[in-house]
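Going by the working numbering, 153 is the number at position 164 of the sequence shown; the sequence numbering is gapless. Where a beta carbon is used, it is the ideal one built from N, C-alpha and C, also for glycine.
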Amino acid sequence: MASTQLNATTSTPWESTSTLFYNYTSDEAVNEDDCIYEEYERYFLPALYCLFFVVGFIGNALVVWVITVGTQLKSTTDVCLLNLALADLLLVLSLPFRAYQMKHGWIFGEVMCTMVFTIHYIGFYSGIFFIVLMSIDRYLAIVHAVLALRVRTRVCGIVSSLVIWVLAVAASFPEQFYIRVENFSSEVLCIDYPNNVKLVTVGLFKKNIVGLLVPLSIMGFCYSMILRRLHRSRLPNKYPMRLIVIVVVVFFCCWTPFNIAEFIGALQFLGLTPHDCEFTKRFTLTLWITEAVTFSHSCLNPFLYVFVGEKFRRHLFRFFREHQSISSSERAT
-10 MASTQLNATT STPWESTSTL FYNYTSDEAV NEDDCIYEEY ERYFLPALYC
40 LFFVVGFIGN ALVVWVITVG TQLKSTTDVC LLNLALADLL LVLSLPFRAY
90 QMKHGWIFGE VMCTMVFTIH YIGFYSGIFF IVLMSIDRYL AIVHAVLALR
140 VRTRVCGIVS SLVIWVLAVA ASFPEQFYIR VENFSSEVLC IDYPNNVKLV
190 TVGLFKKNIV GLLVPLSIMG FCYSMILRRL HRSRLPNKYP MRLIVIVVVV
240 FFCCWTPFNI AEFIGALQFL GLTPHDCEFT KRFTLTLWIT EAVTFSHSCL
290 NPFLYVFVGE KFRRHLFRFF REHQSISSSE RAT
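As structure tokens, then:
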């Protein structure tokens, strides 16, 4: 059975690279060096996170640029897309720091530690919540078209977005209280978990409920109603239905594996899973891979929610044509 306290100076069968930098103590001694996949943590994951940062930053920054300059927030959909891109930007901005820590440890100090993990958690939850808000927005637009004329305005979109940001900040607690720089046996790390097994377990279950079960339930209801309405309307073009299915499937595939892994992690804290070295190695690798998949969702969002939209493509191409025309005129003069 696990100890009720987490000691920063003990060995860590779960290497400190996940969203919660676990430091788990078991009654059975485990050799840390034999129970980790160091080549993944030290080399592969940092490179992957840097790739996600570059792709996610460029894609989401382009979304923000086009929406603010081109569409100028004319509807609640534009407001949702803008805030979703901002949320994904917050999340990907934390990735270079996480990648550096995996390879070299934390060297950026207490203030940056707090800032990086704060924006990570806010971006983490706000991204999920804005996807839910977009689902509700589409549900109103298709299923309740008359009501949507009154509520799907720019003002309502701004107010709803402010509520989402407040909810995202609230959901990031109590983890925010535990962000700190800690000296471990081999390196200095920025960590974000309490020094208590019970509190860590509660936090993992909270993330499962707030970060997956509730959002997926709302999205499932909204899109099932949307699909039913589209099916009844007997539209000759089934593209909207295919796009909706893709949105739900991608969200499910990106977020469910990591939440299942964290659920298993909570069971391990409770002493309900094996503590042997082989299980620890497999679980640690699974946790790393599934977390990387969740980060990839921030890179996919610009393509799934914006770039496939005819309206956005029209504004994007028009903006580039205008910019190219201005550049040509300046060169001519």
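Checklist entry - Do you know offhand how far residue 151's Cα is from residue 263's? => result In the sequence shown, counting from the first residue as 1, residue 151 sits at position 162. In the sequence shown, counting from the first residue as 1, residue 263 sits at position 274. Across the structure, residue 151 and residue 263 are spaced so that their CA atoms are roughly 44 angstroms apart.
Checklist entry - Of all the alpha helix (DSSP H) runs that stay within the bounds of the segment 131 to 189, which reach a length of 4 or more residues? => result Segments of the alpha helix (DSSP H) lying fully in the segment 131 to 189: 134 to 140, 143 to 160.
Next on the checklist: Below 8 angstroms on the Cβ atoms is my contact criterion, and I expect residue 70 with residue 52 to pass it. Report the Cβ-Cβ distance as a whole number of Å.
Outcome noted: Here residue 70 corresponds to residue number 81 of the sequence shown, with the count starting at 1. Here residue 52 corresponds to residue number 63 of the sequence shown, with the count starting at 1. Rounded, the Cβ-Cβ distance is 7 angstroms, consistent with contact.
Checklist entry - Contact check, residue 170 vs residue 99 under 8 angstroms by CB: the rounded distance? => result Here residue 170 refers to the residue found at position 181 when the sequence shown is read from its first residue. Here residue 99 refers to the residue found at position 110 when the sequence shown is read from its first residue. About 5 angstroms separates the two Cβ atoms, so the contact holds.
Checklist entry - When the Cα atoms are used, what is the spatial distance from residue 307 to residue 55? => result Locating residue 307 in the sequence shown gives position 318, counting from the first residue. Locating residue 55 in the sequence shown gives position 66, counting from the first residue. In a straight line, the C-alpha of residue 307 is about 10 angstroms away from that of residue 55.
Item to check | residue 269 classed as buried or exposed, judged by whether at least 16 other C-beta atoms fall within 10 angstroms | outcome: Reading the sequence shown from its first residue, position 280 is the one you call residue 269. Per the 10 Å Cβ criterion, buried.
Next on the checklist: If distances are taken between C-alpha atoms only, which option among 216, 286, 199, 73 comes closest to residue 239?
Outcome noted: Your numbering for residue 239 matches position 250 in the sequence shown. Checking every option, the nearest Cα to that of residue 239 belongs to 286.
Item to check | Close-in-space but distant-in-sequence residues of the same chain around residue 310 (CB under 7 angstroms, 5 per side omitted) | outcome: Here residue 310 refers to the residue found at position 321 when the sequence shown is read from its first residue. None.
Checklist entry - Using CA coordinates, which residue listed in 131, 102, 194 is at the minimum distance from residue 168? => result By 1-based counting over the sequence shown, the position of residue 168 is 179. Nearest option by C-alpha distance: 102.
Next on the checklist: Please identify the residue among 234, 277, 260, 180 whose C-alpha is closest to the C-alpha of residue 165.
Outcome noted: Here residue 165 corresponds to residue number 176 of the sequence shown, with the count starting at 1. Per the Cα distances, 180.
Next on the checklist: Since residue 81 and residue 42 should fall inside the 8 angstroms C-beta cutoff, what is the C-beta to C-beta distance between them, to a whole number of angstroms?
Outcome noted: One-based indexing of the sequence shown puts residue 81 at position 92. One-based indexing of the sequence shown puts residue 42 at position 53. With a Cβ gap of about 5 angstroms, residue 81 and residue 42 count as contacting.
Item to check | Distance CB(residue 121)-CB(residue 35) smaller than 8 angstroms | outcome: Numbered from its first residue, the sequence shown carries residue 121 at position 132. Numbered from its first residue, the sequence shown carries residue 35 at position 46. Result no, Cβ atoms of residue 121 and residue 35 do not sit closer than 8 angstroms.
Checklist entry - Hey, out of 187, 74, 136, 197, whose CA is closest to residue 325's CA? => result Here the chain covers residues -10 to 322 and nothing more, so residue 325 does not appear.
Checklist entry - Would you report the Cα separation of residue 0 and residue 145, rounded to the nearest angstrom? => result For the purposes of this step, residue 0 is taken as residue 11 along the sequence shown, with counting starting at 1. For the purposes of this step, residue 145 is taken as residue 156 along the sequence shown, with counting starting at 1. Annotation note: pLDDT 35 at residue 0 (below 50); position unreliable, coordinate value reported separately. One Cα belongs to residue 0, the other to residue 145, and the distance between them is close to 51 angstroms.
Next on the checklist: As a quick exercise: from 188, 75, 277, pick the residue whose alpha carbon is nearest that of residue 249.
Outcome noted: As a working note, residue 249 is residue 260 in the sequence shown. The option with the nearest alpha carbon to residue 249 is 277.
Checklist entry - Roughly how many angstroms lie between the CA atoms of residue 274 and residue 91, to the nearest whole one? => result Taking the sequence shown and counting its residues from 1, one reaches residue 274 at position 285. Taking the sequence shown and counting its residues from 1, one reaches residue 91 at position 102. Between residue 274 and residue 91, the C-alpha separation is close to 14 angstroms.
Checklist entry - Secondary structure at residue 194, three-state DSSP: helix, strand or coil? => result One-based indexing of the sequence shown puts residue 194 at position 205. In this structure, residue 194 counts as helix in the three-state DSSP scheme.
Checklist entry - Smallest Cα separation from residue 235: which of 175, 189, 290, 76? => result As a working mapping, residue 235 is identified with position 246 in the sequence shown. The candidate whose alpha carbon is nearest that of residue 235 is 290.
Checklist entry - What do you get for residue 193, buried or exposed, if any count of 16 or more other CB atoms within 10 angstroms of its CB means buried? => result Along the sequence shown, one-based indexing puts residue 193 at 204. So residue 193 ends up on the buried side.
Checklist entry - Between residue 132 and residue 214, is the Cβ-Cβ spacing less than 8 angstroms? => result Translated into the one-based positions of the sequence shown, residue 132 becomes position 143. Translated into the one-based positions of the sequence shown, residue 214 becomes position 225. Cβ atoms of residue 132 and residue 214: closer than 8 angstroms.
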